[in-house]
Amino acid sequence: MFSFFRKKQADGISSRLAERLKPLDSVIQQRRFRSDVPYFFPKDLSEQDRLNFQHYALRFLLKGNYVAPLPEMIRDILDVGTGTGIWVREMAKEFPEAKVVGMDIEIPATARMGAPRNSQFVEGNVLKGLPFQDGAFDFVHQRLLVAAIPGSAWPAVVAELARVTRPGGYVELLETLDVFENEGPNTARLMEWWREAGRRSGFGSPPIQELDQLFESAGLTNVTFTAVPVPLGKWGGRVGEMMGRDIHLVFNNLRIACDRLGVVPEKEYDATWKALPQEWEELHTSSIFFLVYGQKP
Numbered sequence: 592m593f594s595f596f597r598k599k600q601a602d603g604i605s606s607r608l609a610e611r612l613k614p615l616d617s618v619i620q621q622r623r624f625r626s627d628v629p630y631f632f633p634k635d636l637s638e639q640d641r642l643n644f645q646h647y648a649l650r651f652l653l654k655g656n657y658v659a660p661l662p663e664m665i666r667d668i669l670d671v672g673t674g675t676g677i678w679v680r681e682m683a684k685e686f687p688e689a690k691v692v693g694m695d696i697e698i699p700a701t702a703r704m705g706a707p708r709n710s711q712f713v714e715g716n717v718l719k720g721l722p723f724q725d726g727a728f729d730f731v732h733q734r735l736l737v738a739a740i741p742g743s744a745w746p747a748v749v750a751e752l753a754r755v756t757r758p759g760g761y762v763e764l765l766e767t768l769d770v771f772e773n774e775g776p777n778t779a780r781l782m783e784w785w786r787e788a789g790r791r792s793g794f795g796s797p798p799i800q801e802l803d804q805l806f807e808s809a810g811l812t813n814v815t816f817t818a819v820p821v822p823l824g825k826w827g828g829r830v831g832e833m834m835g836r837d838i839h840l841v842f843n844n845l846r847i848a849c850d851r852l853g854v855v856p857e858k859e860y861d862a863t864w865k866a867l868p869q870e871w872e873e874l875h876t877s878s879i880f881f882l883v884y885g886q887k888p
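Structure representation (structure tokens):
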């Protein structure tokens, strides 16, 4: 059905099989993590629930599933880091004539439940290159992989996204970083712990605020880069309430990395984390998201 996959060579089969058989799971504080990838967040049912909730919050924020000026007729769509696959399922319904592919390091069984026939899910790791032919897709989408892609890897990742995009097609990314408006002391403290966790793990600092430059370096044109203030808390209305809940859960996930790396004692982290919602309400705090899209010439 889908013909845009790269042909695999016959050699290396045994090594790939051996790699697949390695123990990939780590259980830390009753949360499941992948031990073979530099990903700070869990990969379990609780995280799937958060990702689905986050999807609805982002769709409400952006008033849709994408922002790039896509044509009405589109053939092939790729979602990199698809997570639960909810974006793929919705896009497959919105573009019933298109083939919509979701890729992630693992695909939960729930992703395929009720998935439209024009959707497909494949396993892959963007850090090792995308398993697709050059120019295979009209639209390549990726969002919120800031905790999965080390800082030094971003130029190569953006180049890969551009490589598999068809001439005239679009690449779109939505990411966030440690940038806030009306940042209070508890938020600032958590962000410093997050940056220290990145330093200690060798993860580095992702160049999210330079994504437009990375797009241009990858040969993309008509690049549009927008900083989007996202309210956190009930003061920001429905979207603020939804995004405040999501970001609060994100920071809860980061506690495990900070504890494991010896950045801060768990009790101190917990006290700071619990103080965030009230701080956001009092100061009208916003998290800055960065939206960028560009076209393949």
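Numbered continuously in my numbering, the sequence shown closes out at residue 888.
Each residue gets a CB set at the ideal place from its N, CA and C atoms; glycine is no exception.
Values in this document were obtained by computation on a predicted structure and should not be read as measured data.
- Query: From L642 to G674, what distance separates their C-alpha atoms?
  - Reply: On the sequence shown, position 51 is the one that residue 642 refers to. On the sequence shown, position 83 is the one that residue 674 refers to. Rounded to the nearest angstrom, the two C-alpha atoms are 7 Å apart.
- Could you give the residue range of the alpha helix (DSSP H) that holds Q711? The residue labelled residue 711 in the question sits at position 120 within the sequence shown. According to the DSSP assignment, Q711 belongs to no alpha helix (DSSP H) but to the beta strand (DSSP E) extending over S710 to E714.
- Message: C849 and A581 - do their beta-carbons sit closer together than 7 Å?
- Response: The chain is shown from 592 up to 888; residue 581 falls before or after that span and cannot be answered.
- Query: On the three-state DSSP scale, how would you describe S808?
  - Reply: Locating residue 808 in the sequence shown gives position 217, where the first residue counts as 1. It is helical.
- Message: Counting C-beta neighbours from all protein chains within 10 Å, is the total for Y647 16 or more, i.e. buried, or is it exposed?
- Response: Stepping through the sequence shown from its first residue, residue 647 is reached at position 56. The residue in question, Y647, is exposed, as its Cβ has fewer than 16 Cβ neighbours within 10 Å.
- Message: Counting C-beta neighbours from all protein chains within 10 Å, is the total for N970 16 or more, i.e. buried, or is it exposed?
- Response: Because the chain spans 592 through 888 in this model, residue 970 falls outside it and cannot be assessed.
- Going by DSSP, which residues form a beta bridge with D667? Here residue 667 refers to the residue found at position 76 of the sequence shown. Paired residues: K690.
- Task: Taking E688 as the reference, give the member of W678, I696, R703 and R666 with the closest Cα.
- Result: As a working note, residue 688 is residue 97 in the sequence shown. Measuring from the Cα of E688, the nearest candidate turns out to be R666.
- Exposure label - R829; buried when at least 16 CB within 10 Å: Position 238 of the sequence shown, counted from the start, is the residue given in the question as residue 829. By the Cβ-count criterion, R829 is exposed, with fewer than 16 other Cβ atoms from all chains shown falling within 10 Å of its own Cβ.
- Task: Tell me whether the beta-carbon of W745 lies closer than 7 Å to the beta-carbon of V855.
- Result: Position 154 of the sequence shown, counting from 1, holds the residue named residue 745. Position 264 of the sequence shown, counting from 1, holds the residue named residue 855. Against a cut-off of 7 Å, the Cβ pair of V855 and W745 comes out as no contact.
- Task: Assign P820 to one of three DSSP states: helix, strand, or coil.
- Result: The sequence position of residue 820 within the sequence shown is 229, counting from 1. In this structure, P820 counts as strand in the three-state DSSP scheme.
- Using the Cα positions of L542 and F881, report the straight-line distance between them to the nearest angstrom. The structure shown has nothing for residue 542, since the chain only spans 592 to 888.
- Query: For P856, which of helix, strand or coil comes out of DSSP?
  - Reply: Counting from one through the sequence shown, the residue named residue 856 turns up at place 265. In this structure, P856 counts as coil in the three-state DSSP scheme.
- With a 10 Å radius around its C-beta and 16 neighbouring C-beta atoms as the bar for buried, classify E751 as buried or exposed. As a position in the sequence shown, residue 751 is number 160, starting the count at 1. So E751 ends up on the buried side.
- Task: Have a look at G715 and L721 and give me their C-alpha separation to the nearest angstrom.
- Result: Within the sequence shown, residue 715 is the residue found at index 124, counting from 1. Within the sequence shown, residue 721 is the residue found at index 130, counting from 1. Their backbone Cα atoms lie some 7 Å apart in a straight line.
- Please work out which residues of its chain come closer than 7 Å, Cβ to Cβ, to N777, disregarding the five sequence neighbours upstream and downstream, and give them in chain order. Along the sequence shown, one-based indexing puts residue 777 at 186. Excluding residues within five positions, the ones whose Cβ falls inside 7 Å are T863, A866, L867 and E870.
- Taking one C-beta from the region 728–748 and one from the region 761–779 each time, how about it: are there three or more such pairs within less than 8 Å? Yes, they touch.
- What is the rounded straight-line gap between the Cα of K684 and the Cα of A659? Translated into positions along the sequence shown, residue 684 becomes position 93. Translated into positions along the sequence shown, residue 659 becomes position 68. Cα to Cα, K684 sits roughly 18 Å from A659.
- So what does DSSP say about N844, is it helix, strand or coil? For this step, residue 844 is matched to residue 253 along the sequence shown. It is helical.
- Task: Starting from the C-beta of L612, find all residues in its chain whose C-beta is less than 7 Å away, skip the five residues before and the five after it, and write them out in chain order.
- Result: As a first step, residue 612 is located in the sequence shown; it is residue number 21 there, counting from the start. Because L612 sits at a pLDDT of 31, beneath the cut-off of 50, its placement in the model cannot be relied upon, and the point is left open.
- Spell out whether any CB of chain C is found under 7 Å from the CB atom of I847. This model lacks chain C altogether, as it is built from one protein chain only.
- Which listed residue (P741, M834 and D695) has its alpha carbon closest to that of P797: Here the question's residue 797 lines up with position 206 in the sequence shown. Nearest option by C-alpha distance: P741.
- Query: Three-state secondary structure (DSSP) at P758?
  - Reply: The residue you call residue 758 lines up with position 167 of the sequence shown. In the structure shown, P758 adopts extended strand secondary structure according to DSSP, grouped into three states.
- Query: When DSSP builds the beta bridges, which residues end up paired with Y884?
  - Reply: Position 293 of the sequence shown, counted from the first residue, corresponds to residue 884. As a beta-bridge residue in DSSP terms, Y884 pairs with E763 and T815.
- Message: With a threshold of 7 Å on Cβ separation, who are the neighbours of Q800 within its own chain once the five nearest residues in sequence on each side are excluded?
- Response: Residue mapping note: residue 800 aligns to position 209 of the sequence shown, counting from 1. The beta carbon of Q800 sits closer than 7 Å to those of L768 and F881, all from its chain and outside the five residues before and after it, given in chain order.
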